[in-house]
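**Q** Here you go, one structure.
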Amino acid sequence: MKKQTSLRKNLVSNVSLVMVIQLILLFFVWLTMADPGLWISGVLIIGNASIVLVIVRALHPVNEVVQALDIGVSSFNDKDFSITIDKQQYTEFSAIINTYNNLAKIMRDERMAIYQRELLLDTVIQSTPVALILTDNHDHIVYSNHAAKTLLNQKKSLEGMSFVDIYQHMPQALMEATANKQDGLITEKLNDETIVYHLNYQAFTLNKQQHNLYLYKNLTSDMSRKESEIWKQVIRLISHELNNSLAPISSLTNSAKKIIVSGDKLHMLPDMLDTISRRSAHLHQFIEQYTHFARLPKPHKRQVELRPFIQTISQLCAVETVTRFEADTLFCDPAQIEQVLINLIKNAKESGSTLNGVLLEIYQSSQHLTFAVSDQGKGMTEQQLLQALLPFYTTKSKGTGVGLALCNEIVIAHGGKLKLENQKQGGLKVAFSLALATKSQA
Numbered sequence: 009m010k011k012q013t014s015l016r017k018n019l020v021s022n023v024s025l026v027m028v029i030q031l032i033l034l035f036f037v038w039l040t041m042a043d044p045g046l047w048i049s050g051v052l053i054i055g056n057a058s059i060v061l062v063i064v065r066a067l068h069p070v071n072e073v074v075q076a077l078d079i080g081v082s083s084f085n086d087k088d089f090s091i092t093i094d095k096q097q098y099t100e101f102s103a104i105i106n107t108y109n110n111l112a113k114i115m116r117d118e119r120m121a122i123y124q125r126e127l128l129l130d131t132v133i134q135s136t137p138v139a140l141i142l143t144d145n146h147d148h149i150v151y152s153n154h155a156a157k158t159l160l161n162q163k164k165s166l167e168g169m170s171f172v173d174i175y176q177h178m179p180q181a182l183m184e185a186t187a188n189k190q191d192g193l194i195t196e197k198l199n200d201e202t203i204v205y206h207l208n209y210q211a212f213t214l215n216k217q218q219h220n221l222y223l224y225k226n227l228t229s230d231m232s233r234k235e236s237e238i239w240k241q242v243i244r245l246i247s248h249e250l251n252n253s254l255a256p257i258s259s260l261t262n263s264a265k266k267i268i269v270s271g272d273k274l275h276m277l278p279d280m281l282d283t284i285s286r287r288s289a290h291l292h293q294f295i296e297q298y299t300h301f302a303r304l305p306k307p308h309k310r311q312v313e314l315r316p317f318i319q320t321i322s323q324l325c326a327v328e329t330v331t332r333f334e335a336d337t338l339f340c341d342p343a344q345i346e347q348v349l350i351n352l353i354k355n356a357k358e359s360g361s362t363l364n365g366v367l368l369e370i371y372q373s374s375q376h377l378t379f380a381v382s383d384q385g386k387g388m389t390e391q392q393l394l395q396a397l398l399p400f401y402t403t404k405s406k407g408t409g410v411g412l413a414l415c416n417e418i419v420i421a422h423g424g425k426l427k428l429e430n431q432k433q434g435g436l437k438v439a440f441s442l443a444l445a446t447k448s449q450a
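Here's what the structure looks like:
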């Protein structure tokens with residue numbers, strides 16, 4: 009490494025030295041030469057040329073620094089941050105050289121960190137069982153993972169291939185859902201086996217170009233486990249309910265037989281028969297609830313005048329109602345949405361909340377109308393919130409676990425979903441939003 013000095017000091021000292029030598033020569037010529045004019049001109053020419061050479065030589069390292077900075081900055085455009093500049097002999101350039109070298113180091117470190125994160129993300133994406141396919145605005149695949157190749161039954165890389173040509177070989181239901189960019193569950197029958205997929209589609213802009221992201225998840229095993237759990241829970245619940253009803257019916261029947269045979273205490277028979285009748289009616293109602301859940305009809309949607317509809321609910325349920333909306337109508341099945349609101353308000357009143365603490369809110373947000381029922385009861389635990397919408401799950405001692413699940417099914421059929429959350433001030437809030445679509449759009 010060259011010893012550093014000041015450019016200004018270097019120029020001043022070298023130019024001064026040349027000028028002193030020049031003056032000495034001029035003085036010597038003036039004293040010794042009979043005709044010094046020509047010699048003086050020569051000394052001046054040589055002296056001035058020497059000064060120019062000294063300046064050029066002194067500025068040569070400056071030119072090297074400028075060229076090095078130009079090459080280094082240009083390399084940034086090519087995402088090459090490996091070029092560094094050695095310390096030059098002039099102290100005036102130390103600051104800018106240090107700044108450039110530090111910047112290059114930061115960029116190298118950041119690029120390495122980004123590379124490591126990209127490597128980790130790619131490893132995760134390639135290992136996930138969710139099939140991921142990213143296409144550009146011409147429907148050519150620009151990124152995919154191993155699960156996508158397995159789903160599409162392809163052994164070679166999918167990048168660059170036309171997605172339209174590939175998904176034509178998918179199972180029929182999955183192909184149609186992909187072509188229509190349909191979100192949700194898709195059920196397919198393959199070799200007498202039911203396969204359930206979940207497709208999620210998203211469109212977004214990447215590098216100023218439209219891109220499409222398709223995510224496919226095979227839910228068959230998860231659905232089978234969940235279905236098995238639900239059936240076990242259903243069997244336990246039905247067995248429990250049947251035992252609760254049939255055991256007293258059987259006991260009362262045997263007692264009634266003994267009374268009839270003995271002829272004693274015949275006055276007790278009416279009470280026994282009334283009890284048997286009540287237990288039978290309860291059992292019938294229990295079965296009817298499950299039958300109704302299993303046979304939920306498709307919604308018969310029509311344009312409904314909102315304010316009269318909400319006024320009817322408010323009066324029917326005797327609940328405080330707050331409204332904030334501008335829409336006049338809602339396209340829905342009024343009977344089913346009315347049933348949902350009645351069930352939610354009934355649950356709120358049975359939550360341990362005071363009647364004044366139960367509130368029905370209807371408010372508009374953009375093109376959606378939200379219905380929210382809140383109470384001041386004890387709310388739910390995190391585990392209860394996770395399972396509250398599962399069929400046959402209940403937190404009530406005498407509940408059937410059908411109410412919220414049925415409400416959720418109705419709301420889903422209308423294009424929404426129930427959302428449950430505990431409120432900060434206590435109690436539970438259950439809400440759902442419906443699109444303010446016209447009949448032609450629905």
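In terms of the working numbering, the sequence shown has 269 at position 261, counting the first letter as 1, and numbering is strictly consecutive.
Glycine included, every Cβ here is placed at the ideal spot set by N, Cα and C.
1) So what's I284 in DSSP terms, helix, strand or just coil?
2) Here's the rule: buried if 16 or more other CB atoms are within 10 angstroms of the residue's CB, otherwise exposed. What is K273?
3) If I measure Cβ to Cβ from R16 and keep anything under 8 Å in the same chain, skipping five residues before and after, which residues do I get?
4) Does chain C have any CB closer than 7 Å to the CB of K17?
5) For the candidate residues S374, V348, R65 and T107, whose alpha-carbon lies nearest to that of D94?
6) Given this structure, state the Cα-to-Cα distance separating V62 from I48, to the nearest angstrom.
7) So, at 7 Å on beta carbons, what are the nonlocal neighbours of L127 in its own chain, with the 5 sequence-adjacent residues on each side left out?
8) So what's G50 in DSSP terms, helix, strand or just coil?
9) If the criterion is Cβ atoms closer than 7 Å, does the pair T92 and N109 meet it?
10) With DSSP collapsed to three states, give me the class of G55.
11) Give the DSSP-derived three-state secondary structure of N208 in the structure shown.
12) So, with DSSP's three-state summary, where would you put L314?
13) Keeping to the same chain, check which residues put their C-beta closer than 7 Å to that of C325; ignore five residues upstream and five downstream.
14) Looking only at its chain, what residues have a beta carbon closer than 6 Å to the beta carbon of L428, apart from the 5 residues adjacent to it on each side?
15) Are the beta-carbon atoms of L444 and L377 separated by less than 7 Å?
16) Counting along the chain, where does the beta strand (DSSP E) carrying Q218 start and finish?
17) Kindly indicate which three-state DSSP category T131 falls into: helix, strand or coil?
18) Looking at the unbroken beta strand (DSSP E) that takes in T378, where does it start and where does it end?
19) Using a Cβ-Cβ cut-off of 8 Å (strictly less than) and excluding sequence neighbours within five positions of P342, which residues of its own chain qualify?
20) Identify which residue in K306, V381, V23 and G80 has its Cα closest to the Cα of L412.
21) For I194, which residues does DSSP report across the bridge?
22) Within the chosen definition, does the region 39-48 reach the region 71-86 through at least 3 CB pairs nearer than 8 Å?
23) Under three-state DSSP, which class holds F440?
24) Can you find at least 3 beta carbon pairs, one from the region 124-143 and one from the region 209-229, that sit closer than 8 Å?
25) Between F171 and I149, is the Cβ-Cβ spacing less than 7 Å?
26) To the nearest angstrom, how far is the alpha carbon of V20 from that of S83?
27) Of the residues F333, I122 and G385, which one's Cα is nearest the Cα of E358?
28) Using only alpha-carbon positions, find the residue among K163, F212, L214 and N220 that is nearest to A187.
29) Please go through the same chain and pick out, in chain order, the residues whose beta-carbon is closer than 6 Å to the beta-carbon of S211, but skip the five residues on each side of it.
30) So, using beta-carbon positions, are Y371 and R315 closer together than 7 Å?
31) Would you call A156 buried or exposed, if buried means 16 or more other Cβ atoms sit within 10 Å of its Cβ?
32) In this structure, does DSSP put I141 in helix, strand or coil?
33) In terms of residue numbering, what span does the alpha helix (DSSP H) encompassing Y371 cover?
34) If M388 and L436 are in contact, beta carbons under 8 Å, what's the gap, nearest whole angstrom?
35) Based on the DSSP output, what are the partners of N106 in its beta bridges?
36) Measure the CB-CB distance between S58 and V23 and report whether it falls below 7 Å.
**A** Quick answer:
1) DSSP, read as helix, strand or coil, puts I284 in helix.
2) Label assigned to K273: exposed.
3) Listed in chain order, the non-local C-beta contacts of R16 below 8 Å within the same chain comprise E100, local neighbours out to five positions each way being set aside.
4) Looking at the structure shown, chain C is missing, and only one protein chain is on hand.
5) Of the residues S374, V348, R65 and T107, the one whose Cα lies closest to the Cα of D94 is T107.
6) Cα to Cα, the separation comes out at about 21 Å.
7) Scanning its chain for C-beta atoms nearer than 7 Å, with the 5 sequence neighbours on each side dropped, one finds no residue around L127.
8) DSSP places G50 in helix when its eight states are reduced to three.
9) A contact, by the Cβ cut-off of 7 Å.
10) Three-state DSSP puts G55 in a helix.
11) Here N208 carries a strand assignment [DSSP, helix/strand/coil].
12) Three-state result, L314: helix.
13) Cβ neighbours of C325 beyond the five flanking positions: I350 and I353.
14) Cβ contact annotation for L428 (same chain, cutoff 6 Å, sequence separation greater than five): L393, A396 and V438, in chain order.
15) Contact annotation: L444 and L377 have beta-carbon atoms nearer than 7 Å.
16) Q217 to N226 is the extent of the beta strand (DSSP E) around Q218.
17) Correct three-state label for T131: helix.
18) T378 -> beta strand (DSSP E) spans H376 to S382.
19) Cβ contact annotation for P342 (same chain, cutoff 8 Å, sequence separation greater than five): R310, V312 and F317, in chain order.
20) Of the candidates K306, V381, V23 and G80, the one whose C-alpha sits nearest the C-alpha of L412 is V381.
21) In DSSP, I194 forms a bridge with Y205.
22) The answer is no - the region 71-86 does not touch the region 39-48, with fewer than three Cβ pairs under 8 Å.
23) If DSSP states are grouped into helix, strand and coil, F440 belongs with the strands.
24) As far as the Cβ criterion goes, the region 124-143 touches the region 209-229, which means the pair count is three or higher.
25) Against a cut-off of 7 Å, the Cβ pair of I149 and F171 comes out as a contact.
26) Answer to the nearest angstrom: the Cα atoms are 36 Å apart.
27) It is G385 whose Cα lies nearest to the Cα of E358.
28) Of the listed residues, the one whose Cα sits closest to A187 is N220.
29) Contrary to the premise, residue 211 reads as Ala rather than Ser in this sequence. So the list reads N220, once near-sequence residues are dropped.
30) With respect to R315, Y371 sits apart: the two C-beta atoms are not nearer than 7 Å.
31) Buried.
32) Strand at I141.
33) Y371: not part of any alpha helix (DSSP H); member of the beta strand (DSSP E) spanning L367 to S373, first to last residue.
34) Cβ-Cβ separation between M388 and L436: approximately 6 Å, consistent with a contact (criterion under 8 Å).
35) When DSSP reads this structure, N106 sits in no beta bridge, so it has no partner.
36) Taking C-beta atoms as the reference points, S58 and V23 fail to come closer than 7 Å.
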